[in-house]
Each structure stands twice: as structure tokens, then as C-alpha cells.
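J.: The structure under discussion is supplied below as C-alpha cells; questions concerning it will follow.
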Amino acid sequence: MKKAPTIITGTVGMDAHVIGTKIVSRTLKDAGFNVIALGMQVSPEEFISVAQETNADAILMTSLYGMAELDLKEFNEKRLEAGLGDMLLYIGGNLVIGRYDPKEVEPRFKQLGFDRVYPPETDIVTVIENDLRKDLKAKGKM
Amino acid sequence: MKKAPTIITGTVGMDAHVIGTKIVSRTLKDAGFNVIALGMQVSPEEFISVAQETNADAILMTSLYGMAELDLKEFNEKRLEAGLGDMLLYIGGNLVIGRYDPKEVEPRFKQLGFDRVYPPETDIVTVIENDLRKDLKAKGKM
Amino acid sequence: MKKLRVRNKKIDDDLLMKKRREELDKWPTGKEVDFDEAVAYQKSLPDSKIWWKVMTKLREEGRMSVFPRAGTPVLEKMIELCQGLRDSGVVLIPVTTDSYTRLCQYEKVEDILKECEKTGKPLLNGYPIINQGVKKTRKLVESIDAAFSPRGAGGEIAIASGMTTAEAGVGFLGFGSYVKNMTIQELVESSQNGMRVIGWYADRGVILCKDLHGWLPSAPFPLSINIVCMIIEAVTAAEQGQKALYPLVHCMGNMTQDLAWIKLAPRVIREYLDKFGYQDTMIIGTCPAQTPLFPVAMDMGGAFAYLCYASMVGALSKSNAVDLRSIDEGAGVPTKDTNTVSYRAAKWIFDVVREQQVEIDIKGIDTEEKVAETEVRAILDRILDLGDGDIVDGTVKAVESGVLDSPWSPNVNVKDQVLGVRDARGACRYLEFGNLPIPEEIKEFHRGKVAEREKLEGKKVDYHSTVKDLWSLSKGKIVGIPPYNQ
Amino acid sequence: MKKLRVRNKKIDDDLLMKKRREELDKWPTGKEVDFDEAVAYQKSLPDSKIWWKVMTKLREEGRMSVFPRAGTPVLEKMIELCQGLRDSGVVLIPVTTDSYTRLCQYEKVEDILKECEKTGKPLLNGYPIINQGVKKTRKLVESIDAAFSPRGAGGEIAIASGMTTAEAGVGFLGFGSYVKNMTIQELVESSQNGMRVIGWYADRGVILCKDLHGWLPSAPFPLSINIVCMIIEAVTAAEQGQKALYPLVHCMGNMTQDLAWIKLAPRVIREYLDKFGYQDTMIIGTCPAQTPLFPVAMDMGGAFAYLCYASMVGALSKSNAVDLRSIDEGAGVPTKDTNTVSYRAAKWIFDVVREQQVEIDIKGIDTEEKVAETEVRAILDRILDLGDGDIVDGTVKAVESGVLDSPWSPNVNVKDQVLGVRDARGACRYLEFGNLPIPEEIKEFHRGKVAEREKLEGKKVDYHSTVKDLWSLSKGKIVGIPPYNQ
Ligand code: B12
Ligand code: B12
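Protein chains in written order, with our numbering: chain A, 7 to 148; chain B, 7 to 148; chain C, 6 to 491; chain D, 6 to 491.
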């Protein structure tokens, strides 16, 4: 059996909403992943440098405060520069300010490099079972 | 001074919502009109025959139960036949079934012969002061 | 003491069967009713479709359901509407009939119904149960896992279709609010010399339930008259064989009074049922009702608040259900969507508050209960005096003389000499007592409360106050204190 | 007995003035503040703009206001948003600042603000009060006849602009919920060796009010920790010269607990203010707050019900205001329209129920009050022990040792060893006590209540129950009984 994939979690930018990422982290751990929980207010640069150091397989990013797009403006460029093009990127939370249609917002975040974009209150257990394992397997990381 | 104009009130068809027309009647009386209050469930024919008998100057009809158009299908024809073309015709209440835009419904009732068509919960005092007196004066009835 | 009794000429069985068929023969769908098959069908229904059992289960489990209003002419749309209700947690489903059906104008209905089916437009303001008949209506009942109640009409078509409520007894709702020329004598005759159909079913083990409505207080008005009428309805229904009843308690928006009346109504109804010898007639719960005018369509916030208030009163009084309108009530017949969102709000309150089993007490409930009870007893005593112990004879004489009276009635045979207004705290008081036999000290109590409002508002309380009070809940302003900063 | 005291090195006046200017010099708009002119401006404000006077007037007249959340970056839109609030009866208006402003990233804000003004899009999640400055913000304050409160940031820009609340004392909200690395020692230093600006204004007759927030219980969790922290906030704020305070009481949705806590909080805060010698600091009311997660955007009915529940609790507890979210809370920053319809619902409840002056009692309130009070006293006693009578020293040691602790904190310097869950009736209980000095018999009480839920649900209560409970109100299911008919 391969060793457990390494997943980084945390809220990006100045977002202080930590409860979601805490639950995500614990659920991942309980599901057998190797989790590096950065907690809240993680800068894009920190995500990238920790990913390099730990050779991470995925980042499950959280943002609830509505300003994720501003925080992530240059993120994708930098992570490609850092040679992390193969790493899985998910984001979940309340991704823009105000009431929104997730279908409209999804392409904007895909543009920013994310493989999957989740609407508010997504059940993390389902995501792990239906998406994360599949995607990791597809990339040969599991 | 001319004698007080005669006004007929009542709910049309099978409508049992009597409170509105009771208030309309009393308010008209208090304002000095000669009121013939027919109460609820007055047939179009009864409105017409009472109007002929009393030489009425106006009918202030009420309908809340949403089926006024069905009740009034042949009303205008009959009242014109009865020689009541000069009589003022107002209607108020909830004129169709379900939530509606009064602006869309107004022309349909004007088609049925009504001079004025009022949305739900219209204040009757304002109607008397702003519309009824003016219209009656214009017709030389006051 | 006078012997308490209920005048009732029991018709014999042959005549009963003849009359039932006569009634059904008024429209071709009546042929779809086979009496014995109807009994068998009723007996085959699961508990979740039997009104009195659903109510009892709710109470036992400490839960509640909305008791809504719903009716639209086309069957498929009606099923959709009711499924929407069920999805929002409603397990007590009404089938509101249209106004023409209520007045037996079936030919007219038939034409319009065809038009509805052709155009897809709901041109009738309810479900025309007689014209739809048994087969179609069974489809409705069988489609949804809930108990059904016909509202306003239905008779044996409804019973044979599997609905599990039915009307018996002297019904004040129709008399007081729907008809123009009927006399109280006529009401009594029509409901008494009637068919005893409910008893016929009960004898065969089919218990049809009934909500007591009383004389609808169309405006903010003390509830004592209404409760007296619920007692009359209960006793006369029990006499005809009805075995399961519950009061719809008309809530006027003053929390103290609303809770007091919800306590009082089932207690005095039980007492009089027992006094008249109907110990075996069950009172299976209470159902507060939203009675005064609803906020207009534009005021969605107010509409939600009003229905949450009523839900809350239901939850705090541990009622089994609440008779709730939708946020579209002020506008017109609700759609599936407005029903859903409205009853979802109620369900939130029920699931969160009712299930906490809060035991509440409010200062003043005792006084309100005592005042209403004193009024109820005084009026009933006079009725039984007038009837020399016979509650039906007494009722006839009481309505004729204004000893029983209610405001704003469309019926020309009603005295209509009474009026109610709100006091300084929004409670309903008598402004005009008419001929009601209310004890002098209670009258003084009402006058004192009205005087408090006059002092607060700095002006006389009169007919115009009564009219203004029609809109007090609808406008979200129940108490007379002037607006903020003025 | 130990001498009770509050550690505080009072800085001298020259230094105070220097520090105030330094703070303001962080951004060019600071120049718009002239201290004496600010005092004069504050003194020229009408009573309707002075927070503590508005609160007091509401209480005296037996009314309430919503205390909402509102912030959008562009001034004209902000005025519109606030006017919408005023139109729905709100007389206490918050100015929620954006996240970057809260973290003093003014340069970043400036760029985004320009972008907002160019595109008309609200790219910031609040009103950037520092970048907007005094002149513009005065325009906001002067446009609307209500009292204003800066939320999260503002300092003397807010005061000079005519807002009438300000923060003093040891603030647990930021420490417990907004920051990642601050130590409790740093918190105390920053808030204590601080500027005494509030006292400076008070000396000149300008009373700035403050709501006590306590340590935010981010999840269903007993309120005792929060109340302890409100006491610490109150005493330390009073020490710095704050003369008007009121508790925001975090309501968790169990009506008995919510009402008990609303009674308890102002009483014990008053008691400790007096004990510490701050008799002249007023407690001008209470303001229940909606704390747990809000129903999602799709569940509009649930959202309305939740805010009506909170409004009802406010009305029944005779609070002066309720800290309410809009029906869009679960979705994102509310628009003018969703604010209006939400607060219209609240106003309906306030005007109808609050003005009835209902005096309510609920069985079990006494127990809940007693339990919470015992916990509060036990924890505070330990804090004062640890500080040898000094509440500030004690607080530092208490947080460091987990004697003061709260779940789900983002702050790495918090122990985070405690957890709460709901019991069989939806009341909040401790699941994990961590190092809280709660008396054994009270622990037993909690364990017993948790066991009742385990029995009802037929399964162990654990971390997963806690996570599920985050959504109990949001999903409208507070009690563990299984769904109907299952
Ligand atoms: C609690 C809360 C706070 C607390 C946070 C405490 C803390 N440190 O965590 C405090 C009070 C500090 C706070 C502050 C603010 N908040 Co706030 N807050 C909330 C609230 C009430 C709940 C958020 C929460 O904890 N949810 C519970 C967790 C468990 O859910 P979750 O994070 O969504 O995570 C779940 C899923 O999304 C998923 N998930 C999470 N991440 C990921 C990632 C991936 C990849 C996947 C697959 C899944 C996944 O798993 C979790 C479990 O199911 C919401 C409103 C609401 N929902 O009721 C507003 C809300 C999020 N806050 C908001 C705002 C604006 C703010 C403030 C700017 C101003 C304010 N209103 O006070 C500040 C910002 C502070 C900052 N710098 O970030 C807005 C965001 C608006 C927007 N996006 O348009 C909201 C929606 C409220 C509102 N309508 O105004 N807030
Ligand atoms: C009380 C009431 C009843 C009582 C009526 C008692 C009685 N005899 O009066 C009862 C219970 C009997 C009843 C029955 C029914 N009702 Co009903 N009822 C209401 C309710 C709650 C209030 C109506 C009322 O009295 N308003 C107060 C009076 C004073 O207002 P008003 O009549 O509008 O009059 C004012 C103004 O409009 C104006 N005005 C009136 N007439 C005129 C005329 C002119 C020319 C002018 C200028 C002004 C004017 O002056 C008045 C003073 O300001 C409304 C819902 C609501 N609004 O909350 C439903 C409502 C009117 N009823 C409705 C329906 C469908 C029914 C029923 C078919 C079924 C049912 N739901 O029970 C039956 C029909 C019976 C029948 N044959 O008519 C619908 C109508 C729907 C529609 N049009 O789409 C409503 C809107 C409720 C709903 N949403 O379902 N109802």
C-alpha cells in the first residue's frame, strides 16, 4: 500500500473563519490522510512554500469572507513557477461577497487554477469519498 | 344645494366577504351620501334593477373572492340595455385569484364597464374625497 | 335543576338512507358512492390518513403540524400543491372547496372546471370536490401520506374518498359568515333533522373527526361568544354521534389572551360534553388559528412574522397543530412555492420550540381565563334558561334576541349589535355589549380597559377605532402607543 | 479578603495625546480629526444619535430596535443601505468595517475602494471607515436619524464622525475569534497600556457606549465562559472611563436557557462592577444576539423563523434591542432589500409583542440561571485567586492555563480543550470541560443531561455530535427526536 497522501488545509488571505477548515482537517485525518493544518489566515505564499517543503498532493483551501478572488490574484502563476502544477487544488466556502450562484463563480476559480470549486456548506465527507480519492487516484497519488 | 347623490353598495356574485362593503356603506353615509346597502351576494341583475328603481348615481361594488370576472360577464351589456350608461361604476377588492398586479387587471375591468378599479385594501375615505366627488361633479350629479 | 338535553328528532334508518341517496343524486358523481364499500375503504386506511389518530400521535410525541388552507381546481395541480405541503412537514391537509361548490352550483362549476383543465388556469378559488367525485379524489388522497379534511363542502363524496373529518352539529361558521338570509331556526333544522351520517359511520367503527369553529369573530373581539358556540357545536355534534373533536382557537394577537383562550376552550368544552352525557366523545387536541387580517402582499416580512407569532403561540401552548395561512394570504390564493416557504417557517418554530417542551406561564393569563370563563358561563346559563334546559331551543331564542351575537355578520337575521376593540395592550375588549348577558362587573372590567386606551391615545374609542383595529396585526401595530420619536 | 483591583498603568496626558496622534497618522484621513472640535461635534449631536440615550429611551418607552449588521464600501450605497434600515424601524445602526481595515491594511483598501467606486461593485466586505475619513463619514451620520456604532475598527475617526460607541477594556472578541498568534499578555497590554481615549471624552462630558461581547461561543456552548469574559470586559472598560455598557447575550436557541442568560448577564455584571467600585458605570439594557449558524440561502422560511424566534426572545425578555442578522446571513453580505424585509419581520414582533409588555415565566429558567451563575462565580473566583485579587493578572494566567477556554478558536495560544453539545431538549451542555474549574456537582448535571440525549438518540454523544449541532438551528432541528413517522 502506498503511503497516505499529504493534504494542506487552511483559510486564505485575511479570512478568520476557522471552524470549517478545522472540521475539514479533522475529517481528513480521520479518513487516513496526512494533514498539514495551517489554520486561518494563510497567505498564498505560505501555502506554496509549505507545499514545496512537504511535497503535498493537494491543498483544500477555505474562504468564507468573500474576498478570495482578491487574495488569490497571483496565486496560480506563483504555484506554477514553484513547479506545483501537478498538485490538486480545491476551494470551498462563501467565495464571493453577497448571495451568488455557484455555477457562475466556479469558472472564475477554475481560471485561478482550482480543480474543484465548492458551494457554501458542502459536506466534506462526501467530497472526500466522491471527489478527492478519485482525483488522487487519477493522478497516481493513491 | 342639490340633493345627496344615491350610491348602491354590495358584493357581487357569490362573494360572502361583507366587512368591506359594510365599511364602505357606513363611510359613504357619514360623508352625506344617500346609501342603498345591498350587503353581500348581490347578483348583477339585482344591482341593475335596484339602480333603475332608485335612479342611482353610482354603484360601488366589492369583490374579494377572486371570481368577479366570472360574475360580471354580461353585466355591462345588461346595464347599457337598462339605460344606465351614465351611472358611475367603481369596483374594489381582490379582483382575481392569486397574487396580481393591479395595473394588469384594471383594463380588464374597464372593459367590463367600470369607470374606476381599485386594488386590495384601498382606503375608502381617500376614494370618496379624491375620486367620487370629482366624478359625480363632472357628471353634474353633485 | 333543569334537565340538560339536546333537541333532536332522530330520523329512522330507512329515511336516513333515502336522504343520503337524495343528497348524492344532486350530481352524477354521487353514484360513485357505495355506502358499505365506503366503510370498508375507510377501515383500510393507514393511521397516517386518519385525522384523529394523526392529531393524537402528534400530541403524544410532543410535535405539531401546520393545518393550512389549500384548494385549486385541477386534480394534478392539487396533488402537486398537497405534495408541496407534505414536503414542508404538513401532515394535516385541507381540501378547500370553491365558493360555487359550497353553494351547490355544480352545473356552473362543471363548465368552469372544463375551462380550467383546458387553459390550465385556476379559475375556481378551490377544489370542486363534488364535480371531481370519488375516483379522482381518492387519487388525491392516495397520492400523499397525510390525513385529509374537506373544507366547506364534500359530504359523503369526501368520506368515500378517504377523507377523515366531517361536519355534524349546529354549524355557526356558515350561519354567521357565509349566508345572507338563513334564520337560526333554519340552521338548526337543517343540521338537526339531518342525516346522522357521522353516527352511522361511527356505529360501523369509522370515527370521523371535526374541528369546532364556533361563530367566526371576523374582527378583534373577545372570544367568549365563539367559545359558547363551540360548546353548542360540540354538544350537538356529539348527539349526532361524532366521537372526536378539537377546538380551533381563534387567536387575536394578544399573547396573554391567546394563551388563556387556548387553555380555556378545551376545558369548558369537555365540561359541557360531560354534563350533557357525552363522556365518550374525545377532545383530541387544540389548534390555534390565525384569524385577523393578514399583512398585504408587499409586506412579506410582516407576513412571516405574523405566521411565526401564531406558530410560537401554538408551540408554547403545546397544541397539536396551528391553523396557518401563507404569506400570500393578504394577496390571494397561495401558490405551491409560497405555501412551501411559509410552512417551512412554521415547521422551524415547531421543530425548534415545540420540541423543547417549554412550560410557560404569563402574568395575566389567569385573569383573562377567568373573565372569558365567566362570560361563557353567563351566556350559556342564559341559553339553557331560554331553552328550559334544551340547548338547541335555547340557541334559537338566544340568536333571535341577541343573547348570542357577533359583529360584521353578512346574515340579515343576526342582530349585529356588538363590537370589539383592542385595549392599551392589544387585548380584545367589548366596546358594545348589545344584548349579551354579561355580568355587570365584567362589563366594568372591559370599560376600564377601554378607558386605559383612551387615556393612552388621548382620544375617544369608537366605531372608527374598531375599523382601524381590523388592521392592527396586518399593519404590525397592536398597541396604541404613538410611533417612535413622535 | 483580597483587595479586588484592575491592573492599569495610567499613562500621563502628554503621552496620551502623542499616542492618539500617532494612531491617527497611520493614514492621511487622520488629519481630519481635531480633538476639541470632535468633542464639540459630539456635544452638538441630538439625543437620537447618542447610542446610550437611544437605548435608554427604548427601554423607558417599552420598545425595541433591531441592532443589525451592515457595511458596504461606497458611501452613497452605504447611506442607502442605512436609510433602508432606518425605514424598517432600526434606530441603532452599525457600521461594519471590512476585513482589511480591521487589519490596518489601508493602502490595499485604497486601491480596492477606487475600484469599487469605478465599477460600482462592493469588492470589500464592509465600510472602510479609516480610508473614508471624517468628512465623508459625517455625511453618513448626518444623513440618517439614528445612532451609529463602528464595528471592528474606527477609533477616533469614528468618534469625530459622530458615532457614539467605542471600545475600551480587554476585548475577547478579537482575541478569541479574529487573530491567530496574539497572546493573552499581548491583548492585555495593548488594551490596557492603551490610550484611555474613552475616559478622555468622558471627562469632557461625552459618554461613548459599548456592547459587551465576551468570548464568542462560536458553537452551541454554555454561556458561562462568555459571561465571565463580559464581566472582565466591563470592569476593565469601566476602569478606562467607560460610563455606559450593555451585554450582548448570545442566544443559542433553547428558550429556557436564552431567557435565563438574558436575566443573569446584566445582574452579575452589575454586581461585579459595583464590587470593583464602578457604581457610576451604567448598564443601559440588554441585547440578545443571534449566534449559531444561519439557515442557508435557499431556506428562506427557516431564516425568517430563526430571526422571528430571536426577536420573540428579545421581546419577551423586554430587551431594548436584538442583534439580528438578515435572511441572507447564510449566503453573504445582505442587500438593502433583504435587510428591509428581514427587519420588517423583526419590527412586527417588536411592535406587536414587546409593546404588550408580556410578563413571562418559564419552568426551568431558575435552574438554568443557577447553573450558569454557579459556573460564572466558580471561574471568576479562580481568576481572582490566580491574580491575587487583580482581575487582569488573573485573566492572563487563566487563559494560559485553560481556566478560561472556549472551543473552535483560531488563536494558537488558546487551549481549545472544551466542547459543547445540545441535550435532549436542545439546551447547551459541556461535553468536554477541559481545565475549567467547574464544581463537580455541576459537571454531574451536564453529564446527566448529555446522557438523556444519548438515551433518546440511542447513540453516544461525541465530537461528531458537536459538529452536527453547529447546524441545529440552521436546519431547524434542535432536539434529538427522530423525524415524524420514522
Ligand atoms: C462564525 C462566523 C464568524 C466568526 C468566525 C469565528 C471563527 N474564527 O471561525 C466571526 C464573528 C469572527 C466572523 C467574522 C466575520 N465574518 Co463571519 N460568519 C460566521 C458565520 C455565522 C458562520 C461561519 C461558520 O463557522 N460556519 C460553519 C463552518 C463549519 O462551515 P464552513 O466554514 O462553511 O465549512 C463547511 C463547508 O463549507 C466545508 N468546507 C469548508 N472549507 C472547505 C474547503 C473545501 C475544499 C471543501 C471541499 C469543503 C470545505 O466543510 C465544512 C463542514 O461542512 C457565517 C454565517 C453563517 N453561515 O451563518 C458568517 C459569514 C461567513 N461571515 C461573514 C463576514 C462578512 C464576516 C466579517 C467580514 C464581518 C462580520 N460580519 O463580522 C468578519 C470577517 C472576519 C475575517 N477577517 O474573516 C459573511 C461572509 C459574506 C460573504 N462571503 O459574502 C457571512 C456569510 C455572514 C454574512 N452574511 O455576513 N464571522
Ligand atoms: C375575513 C375573510 C373571510 C371570511 C369573510 C367573513 C365575512 N362574511 O365577511 C370568511 C371566513 C367567510 C371567508 C371565506 C372565504 N374566503 Co376569505 N378572507 C377573509 C380575509 C381574512 C379578510 C377579508 C376582510 O374582511 N378584509 C377587511 C375588509 C375591511 O377589507 P376589504 O373587504 O378589502 O375592504 C376595504 C377596501 O378594499 C375598500 N373597499 C372594499 N370594497 C370596495 C369597493 C370600492 C369601489 C372601493 C373604492 C373600495 C372598496 O374598503 C374597505 C376598507 O378599507 C381575507 C384575507 C386577508 N385580507 O387577510 C380572505 C380572502 C379575501 N378570502 C379568500 C377566499 C379564497 C375565501 C374562500 C373562497 C375560501 C376560504 N379561504 O375560506 C371563502 C369564500 C366565501 C365566499 N363565498 O365569498 C381569499 C381571496 C383570494 C383571491 N381573491 O385570490 C383571501 C384573500 C384569502 C386567501 N388568500 O385565500 N373569508
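All C-beta atoms in this analysis are idealised placements derived from N, C-alpha and C, irrespective of residue type, glycine included. The structure displayed is predicted, hence computed values, not measured ones.
Which residue or residues does DSSP assign as beta-bridge partners of A:G99?
T.: A:S69
J.: Hey, out of A:V102, A:N40, A:F115, A:V48, whose CA is closest to A:N61's CA?
T.: Residue A:N40 is the option with its Cα nearest to A:N61.
J.: Confirm the yes/no value for this check: CB of D:M83, any heavy atom of ligand 1, distance under 6 Å.
T.: No, the Cβ of D:M83 stays beyond 6 Å of every heavy atom of ligand 1.
J.: Any idea what DSSP makes of D:F438, helix, strand or coil?
T.: coil
J.: Any residues in the segment 104-123 of chain C with a beta carbon nearer than 9 Å to a beta carbon of chain B? Which ones, in chain order?
T.: Under the 9 Å Cβ criterion, the segment 104-123 of chain C contributes S104, Y105, R107, L108, Q110, K113, I117.
J.: Under 7 Å, do C:G282 and C:K7 count as touching if we go by C-beta distance?
T.: no
J.: Helix, strand or coil, according to DSSP, for D:V273 in the structure here?
T.: helix
J.: Rounded to whole angstroms, what is the Cα-Cα separation between C:A45 and C:L90?
T.: 28 Å
J.: So if I threshold CB-CB distances at 8 Å, which residues from the segment 298-312 of chain C count as touching chain B?
T.: V301, A302
J.: Within 6 Å: the Cβ of D:G258 and any heavy atom of ligand 2?
T.: no
J.: Return the Cβ separation of D:G319 and D:M60 in integer angstroms, given the expectation that the two are a contact with Cβ distance under 8 Å.
T.: About 13 Å; that fails the 8 Å criterion.
J.: Counting contacts by CB-CB distance shorter than 7 Å, is A:A144 in contact with chain D?
T.: no
J.: Is there a Cβ of chain C sitting closer than 7 Å to that of D:A350, yes or no?
T.: yes
J.: Report the three-state DSSP secondary structure of D:T379 (helix, strand or coil).
T.: Three-state result, D:T379: helix.
J.: Find the nearest neighbour of C:E374 within the set C:A242, C:E65, C:I447, C:D386, judged by alpha-carbon distance.
T.: C:I447
J.: State yes or no: is the beta carbon of D:D328 nearer than 7 Å to at least one beta carbon in chain C?
T.: no
J.: So, is the C-beta of D:I55 closer than 7 Å to a C-beta in chain G?
T.: In the displayed structure, chain G is absent; the protein chains listed are A, B, C and D.
J.: With a threshold of 7 Å between beta-carbons, can C:N130 be considered close to chain B, or not?
T.: yes
J.: Per the DSSP calculation, A:N40 is bridged to which residue(s)?
T.: A:T12
J.: Quick one: Cα of D:V466 to Cα of D:R458, how far?
T.: 8 Å
J.: Using a cut-off of 8 Å between C-beta atoms, extract the partners of B:V41 located in chain C.
T.: Chain C residues near B:V41: none, gap ~16 Å exceeds 8 Å.
J.: Secondary structure at C:C109, three-state DSSP: helix, strand or coil?
T.: Under the three-state reduction of DSSP, C:C109 is assigned to coil, being neither helix nor strand.
J.: Mind reading off the beta-carbon distance from D:V184 to D:T241? Whole number of angstroms is fine, and I expect it under 8 Å.
T.: The pair is not a contact, with the Cβ atoms about 18 Å apart (cut-off 8 Å).
J.: Which one or two residues does DSSP pair with C:L217 in a beta bridge?
T.: Bridge partners of C:L217: C:P252.
J.: I'd like the ranges of any alpha helix (DSSP H) spanning at least 4 consecutive residues and lying wholly in the segment 102-170 of chain C.
T.: 104-107, 111-124, 134-148, 160-165
J.: With distances taken between CB atoms, is the gap from D:L63 to D:N231 smaller than 7 Å?
T.: no
J.: Am I right that B:D121 and B:D141 are in contact with their C-beta atoms under 8 Å? What's the rounded C-beta distance?
T.: 7 Å
J.: Between C:K54 and C:G167, how many whole angstroms is the CB-CB distance? I'm expecting something under 8 Å.
T.: About 6 Å separates the two Cβ atoms, so the contact holds.
J.: Quick check on C:L192: buried or exposed, where buried means 16 or more other Cβ atoms within 10 Å of its Cβ?
T.: Result: buried.
J.: Using a Cβ-based criterion (distance less than 6 Å to any ligand heavy atom), does A:A22 qualify as near ligand 1?
T.: yes
J.: For A:N82, which residues in chain D fall below 7 Å Cβ to Cβ?
T.: Here the premise fails: no neighbours, minimum Cβ distance about 20 Å.
J.: Could you compute how far the alpha carbon of B:D63 sits from the alpha carbon of C:G425?
T.: 34 Å
J.: Output the distance between the C-alpha atoms of A:E83 and A:V102, rounded to the nearest integer angstrom.
T.: Rounded to the nearest angstrom, the two C-alpha atoms are 21 Å apart.
J.: What is the DSSP secondary structure of C:I332, counted as helix, strand or coil?
T.: coil
J.: According to the neighbour-count rule (16 or more other Cβ atoms, all chains shown, within 10 Å of its Cβ), is D:P293 buried or exposed?
T.: buried
J.: If we define contact as Cβ-Cβ less than 7 Å, is C:W205 a contact residue for chain B?
T.: no
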